[in-house]
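Every number in the numbering used here is 4 more than the matching position in the sequence shown, counting from 1.
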Amino acid sequence: MTAPVKPKARADLATVVLDGEAVIYDAENEELHHLNQTATLVLAMCEGEATIGEIASEISQAFGVPEAEVEPQVRTLLRQLRRARLLEPNANGTRKHG
5 MTAPVKPKAR
15 ADLATVVLDG
25 EAVIYDAENE
35 ELHHLNQTAT
45 LVLAMCEGEA
55 TIGEIASEIS
65 QAFGVPEAEV
75 EPQVRTLLRQ
85 LRRARLLEPN
95 ANGTRKHG
């Protein structure tokens, strides 16, 4: 059985949050990213401690939205963050793209 995924934002990103939205500079890849409020919230919760289900549950409780609606959206957003290389590599040392 594999361990549950606990997403973690890369520690080397330069992040500024303005009005709840993040502007992130990735010096390693020389890329600039703009995240809306929802993506900023989810990325902030990616500390390597919570599973995807736990992140979805916390958002669900905070906003009063059913977890069954929130979790698929969180998973989609995490895939996008991973493709943008804003999350730490997987345990095997490679970044997963998808």
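Using N, Cα and C, we set each Cβ at its ideal position, and we do this for glycine too.
Beta-carbon to beta-carbon, Pro93 and Thr55 are separated by about 18 Å, too far to satisfy the 8 Å threshold.
When the Cα atoms are used, Thr42 and Glu73 turn out to be separated by approximately 14 Å. In the DSSP annotation of this structure, the continuous segment of the alpha helix (DSSP H) that includes Thr42 starts and ends at 41–49. Between the alpha carbons of Phe67 and Glu34 lies a gap of roughly 35 Å.
In this structure, DSSP gives Val20 an extended state, which the three-state scheme calls strand. Between the alpha carbons of Thr44 and Glu71 lies a distance of about 19 Å.
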